[in-house]
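**Student:** Structure in structure tokens, see below.
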């Protein structure tokens, strides 16, 4: 990873975040079940990266950047009840 261009990585990360903002139909549990990470993970990684650079940002602030709105608002508007299948799959991971 050290040989990768950091500007390119930043562009890719920005594209991923933008894509997830557009794909509100994709549920976090599905992301976790398929890839092992979700929007909340991205938010945590954002906070961690900021802390490594001595930048103060809260988890909620990071979530708002990743979700494009306050998390509670996103959750009310777009999060669906997890199905039994989704929950069972999640337990196996």
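Residue numbers (the numbering used here): 1 to 93.
Built from N, CA and C at the ideal position, the CB exists for glycine as well.
Among 36, 35, 28, which one has its Cα closest to the Cα of residue 71?
**Tutor:** Closest by alpha carbon: 28.
**Student:** Tell me whether residue 66 is buried or exposed, calling it buried when 16 or more other Cβ atoms sit within 10 Å of its Cβ.
**Tutor:** Classification for residue 66: buried.
**Student:** Just mark residue 59 as buried or exposed, buried being the case when its beta carbon has 16 or more other beta carbons within 10 Å.
**Tutor:** The residue in question, residue 59, is exposed, as its Cβ has fewer than 16 Cβ neighbours within 10 Å.
**Student:** Taking its Cβ as the centre, do 16 or more other Cβ atoms sit within 10 Å of residue 4, making it buried, or is it exposed?
**Tutor:** Looking at its Cβ environment, which holds fewer than 16 other Cβ atoms inside 10 Å, residue 4 is exposed.
**Student:** Cα-Cα, which of 57, 52, 33 is closest to residue 83?
**Tutor:** Closest option to residue 83, Cα to Cα, is 33.
**Student:** Which value, in whole angstroms, describes the spacing of the CA atoms of residue 26 and residue 20?
**Tutor:** Near 8 Å, if we compare the C-alpha coordinates of residue 20 and residue 26.
**Student:** Look at the Cβ atom of residue 30, then the Cβ atom of residue 86, and state whether they are nearer than 8 Å.
**Tutor:** Yes. Within cutoff.
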